[in-house]
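Structure, as structure tokens:
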Amino acid sequence: MPDISVQSPQVPLTQEEIEERLCPTCKNNLVFAEGCNICIECGYSGCTAG
Ligand SMILES: [Zn+2]
């Protein structure tokens, strides 16, 4: 069986991925810093483990 767990290194952002960069609380743009998407408006922090 082929291993399809490997993702392509450079794929264009999908609409969902773009929306993931918006704050789920206030829909403001998230600032990406040190592996975390941080909202400077409400203080939301969406750190991605790994
Ligand atoms: Zn926010």
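In our numbering, each residue's number is its place in the sequence shown (first place is 1) plus 608.
Using N, Cα and C, we set each Cβ at its ideal position, and we do this for glycine too.
Computed from a predicted structure; not experimentally measured.
| Asked | Found |
| --- | --- |
| Leu621: buried (16+ other C-beta within 10 angstroms of its C-beta) or exposed? | exposed |
| If the criterion is Cβ atoms closer than 8 Å, does the pair Cys655 and Cys644 meet it? | yes |
| Please name the residue in Pro617, Cys650, Met609 whose C-alpha comes closest to that of Cys634. | Cys650 |
| Leaving out five residues before and five after Tyr652 in sequence, what residues of the same chain have Cβ atoms less than 6 Å from its Cβ? | Cys631, Thr633 |
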